[in-house]
Structure formats: C-alpha cells, structure tokens
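Please read the structure below before turning to the comments.
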C-alpha cells in the first residue's frame with residue numbers, strides 16, 4: 029500500500045469513527061446517559077434516573093438478555109451467551125415434514141407423476157402441509173389417488189406432453205377502431221371472434237408458464253439422481269485406483285481417486301467442487317436409505333433440492349441429528365449425532381475394504397497378503413484433527429460453523 033492509499037484509508041477510518049461518535053452522543057442524550065465507558069468485556073453507564081449501571085458482555089457475538097434480570101433492581105447485569113443452534117429452524121421443519129412423508133409414503137402412487145400447481149399455491153410450505161394433510165387423511169393408496177383426482181386443480185401432472193405451439197407476437201386481429209367502424213350486422217360476430225382469438229393466445233401463454241414450472245421440477249428431481257450416479261461412478265473409480273498387481277510388504281495403498289479425477293478432467297472438476305459434490309451425494313444417499321431407496325422421499329416436496337445437501341452450514345453431526353428426526357421423530361444431541369456419524373463412517377470403510385477384498389479373491393489372489401490397516405481412504409466429509417494444527421476454524425471440524433448466514437433452504441417469495 030503506497031502513501032496515498034494509506035492516507036486515504038486512514039481518512040476513511042476517521043470519518044467512520046466520527047459518525048459512530050456522533051450517533052452514540054445523540055443516543056446518549058436521548059437516554060439521558062451522562063457518561064459511558066465501554067470495553068470488549070463490559071460497559072459502565074451513568075443514567076440520571078438509575079445512577080451507575082454495569083453491563084457484562086458474554087464471550088460470543090450472539091447474546092440474549094434475561095428480562096427478569098432487567099426488571100430487577102440490580103445495578104449490574106450479565107448478557108448471557110446464546111449457543112448457536114446446530115440445526116436451523118427451516119432444517120428441523122423440513123425434517124419433520126419428511127418424517128410425516130416417510131410414515132405415509134406407501135400411500136403415494138408407485139410412479140409419482142404430480143407436483144404443486146404454482147398458480148394455486150404461492151407459498152411452497154402451504155402446499156407441503158396441504159399434501160401431508162391429504163396423505164394422513166387417506167387410509168389407502170387408492171383413497172389418496174381419488175383425492176388427487178378430486179383436487180386436480182391443486183396439482184400438475186409431471187407427464188404432461190410439451191406444448192410445441194410457439195406464440196406469435198405479431199398475430200393479426202381487427203383493431204378496436206376498425207371494429208367500431210363495422211356495420212352493426214357484423215360487429216357482434218367480429219367482436220366475439222377477436223375475443224376468442226385473444227383467449228386462445230392467453231391459454232397458450234398460461235400453458236407455457238406451467239410447462240416451464242414442470243421443466244424446472246423435472247430438473248430438480250433429476251438433480252438427485254445425477255448426484256447419486258456421480259457417487260456410484262466415483263466409488264467405481266475408487267476401487268480401480270486401489271487395485272495393485274503387486275504390493276510390497278509394508279506398502280500402503282492410499283486413495284488417489286480425487287487426484288485422478290482432477291487430473292483426467294483437466295481441472296474441469298476441481299478438488300473443492302469434488303468435495304462439495306460428494307458431500308451432497310452421500311447425504312442424499314443416506315436420506316434415501318431411510319425410504320429403502322424410494323425416490324419419493326426427495327421428489328415430493330418442491331422446496332427440497334440439492335443445494336440443501338451441499339450446504340456447509342450443517343455439519344456432519346447436525347446432519348445425523350436431522351436424519352434421526354426423519355427416522356424416529358426425535359431430536360438427539362449433537363454429540364450423539366457425531367457418534368452415529370463415526371459409526372457410519374466405520375461401516376462405510378469396512379464395506380469398501382470388503383469390496384476390494386472380493387475383487388482380489390475373484391481374480392484368484394486369495395493368498396495375497398492383505399493388511400487392512402494399511403488401506404486408507406479419504407473421507408471428504410470426515411472431521412479431521414491435526415496434531416500440529418489445532419484450528420477451530422477448520423471447515424471439516426464437527427464444531428465448525430460457516431461464518432456466512434447462507435440459506436440452507438430456498439426461501440419462499442410471497
């Protein structure tokens with residue numbers, strides 16, 4: 029930074045400090061505060077009515093005020109720390125809705141072919157509750173299908189044929205002026221014909237609106253399937269990367285899958301992209317396992333998309349807690365979630381190891397020395413601890429939270 033830039037920066041800082049001081053001075057006058065002494069840990073104020081008042085801040089940025097403390101006659105108060113929730117309210121709501129869906133999933137048609145009518149519902153959550161209520165009130169699959177038939181204006185069929193008719197912007201109709209110039213004998217007939225043509229154009233536009241929504245819905249559902257196919261091929265590459273014709277005693281087999289993918293894709297798939305994609309794919313796979321691979325669990329709700337599973341704001345422990353809400357209808361602790369995650373990770377590693385063993389055995393390598401402890405796999409979602417780098421901001425830590433307030437669910441625009 030040269031001297032001119034530095035001088036400009038200092039000037040900007042001073043201006044901001046002046047604005048802060050001016051604003052604080054104004055608010056002090058309004059609150060009748062005679063003096064204010066504030067630091068990183070506490071503040072001491074002197075007010076005309078209550079005298080000297082001390083406030084002790086918590087260590088976190090997120091604090092809450094105990095109203096009972098404020099109402100008391102104490103001359104000091106401590107603003108208590110508020111622990112950041114490991115699962116957001118939208119995530120819990122989604123999990124509970126998926127729980128209801130899982131309990132009633134057998135009532136859905138085998139080939140799910142409907143979705144929300146965006147003209148009928150302006151808020152997705154309203155549609156979700158409407159759908160769940162219909163599912164819960166239906167005793168059988170046939171009864172629910174009948175509900176769909178009776179309420180067909182609330183739903184769109186996914187299998188509707190595409191509308192190939194293109195709207196012509198320059199379609200010709202008689203102008204209003206020319207209509208009025210017509211003889212009375214032809215006026216009414218021409219008027220009705222013009223209105224009929226305009227209504228036909230209106231219907232064409234309306235159909236296009238619905239078709240665009242259906243296309244977007246199909247893309248949303250295909251997204252889940254594409255991510256699972258990505259995971260399937262990734263695991264296949266992983267096996268090939270860990271096959272060796274000859275292995276020396278003591279030689280370790282490390283997972284080179286990520287390096288191979290990045291290199292052979294010519295950097296089209298970068299390591300960061302690969303990590304995020306695998307995170308989402310594995311999480312989608314875990315959710316599908318609760319429904320015995322029934323895709324209806326991810327297809328039904330329009331506000332559940334791949335972005336939710338890619339989010340880093342839900343760590344590995346929280347995601348296990350989220351799944352437990354869907355599976356059992358209860359919220360477990362973050363610590364219990366982490367224990368489940370570790371157990372699932374061991375099972376996954378054991379499964380991969382057994383698959384590799386079977387490959388060798390099928391090729392007649394039964395006598396090959398196989399030291400399972402020397403097979404290492406990189407788990408892209410695994411919380412790691414580095415003895416020489418105790419970094420609480422490590423994104424892979426089970427206690428890590430993203431700094432940004434990223435949305436983990438699409439927000440409804442009403």
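In the numbering used here, the protein residues as written are 29 to 442. All residues carry an ideal CB built from backbone N, CA and C; glycine is no exception. This one's a predicted model, so the numbers in the text were calculated from it and none came from an experiment.
{"Item": "Classification of residue 443 by the beta-carbon crowding that lies within 10 angstroms, buried from 16 upward", "Value": "No answer is possible for residue 443: the residues shown for the chain start at 29 and end at 442."}
{"Item": "Spatially closest choice to residue 68 from 83, 361, 58, by CA coordinates", "Value": "83"}
{"Item": "Rounded straight-line distance, which links the Cα of residue 233 to that of residue 227", "Value": "10 Å"}
{"Item": "Pairwise C-alpha distance: residue 49 and residue 339", "Value": "39 Å"}
{"Item": "Cβ-Cβ distance between residue 352 and residue 360 below 8 Å", "Value": "yes"}
{"Item": "C-beta contact flag for residue 135 and residue 176 at 8 Å", "Value": "no"}
{"Item": "Beta-carbon gap between residue 58 and residue 75 smaller than 8 Å", "Value": "no"}
{"Item": "Three-pair Cβ contact test at 8 Å for the stretch 326-342 versus the stretch 248-264", "Value": "yes"}
{"Item": "C-alpha distance - residue 248 paired with residue 34, whole-angstrom precision", "Value": "49 Å"}
{"Item": "Those residues which DSSP pairs with residue 122 across a bridge", "Value": "The partner list for residue 122 (beta bridge, DSSP) is empty, contrary to what the question assumes."}
{"Item": "Validate contact between the stretch 138-149 and the stretch 319-331 using beta carbons, cut 8 Å, 3 pairs", "Value": "yes"}
{"Item": "Residue 357 - DSSP class collapsed to helix/strand/coil", "Value": "coil"}
{"Item": "Three or more C-beta pairs below 8 Å linking the stretch 296-316 and the stretch 210-230", "Value": "no"}
{"Item": "Residue 310 and residue 379 closer than 8 Å at C-beta", "Value": "no"}
{"Item": "6 Å CB neighbourhood of residue 157 in its chain, flanking five on each side removed", "Value": "none"}
{"Item": "Burial state of residue 38 (16 or more Cβ within 10 Å)", "Value": "exposed"}
{"Item": "Residue 317 versus 355, 165, 160, 62, residue with shortest Cα-Cα distance", "Value": "355"}
{"Item": "With 16 other Cβ atoms within 10 Å as the buried cut-off, status of residue 315", "Value": "buried"}
{"Item": "Neighbourhood of residue 313 by C-beta distance below 8 Å, restricted to the same chain and skipping five residues each side", "Value": "256, 259"}
{"Item": "Alpha-carbon to alpha-carbon, residue 231 and residue 205", "Value": "25 Å"}
{"Item": "Proximity of residue 383 and residue 267 at Cβ, strictly below 8 Å", "Value": "yes"}
{"Item": "Opposing strand residues paired with residue 304 [DSSP bridges]", "Value": "Per DSSP, none; premise fails for residue 304."}
{"Item": "Pair within 8 Å by beta-carbon distance, residue 182 and residue 160", "Value": "no"}
{"Item": "For residue 391, the nearest candidate out of 273, 212, 115 (CA to CA)", "Value": "273"}
{"Item": "DSSP beta-bridge partners of residue 168", "Value": "BP columns for residue 168 are empty, so no partner."}
{"Item": "Distance, residue 133 Cα to residue 186 Cα", "Value": "18 Å"}
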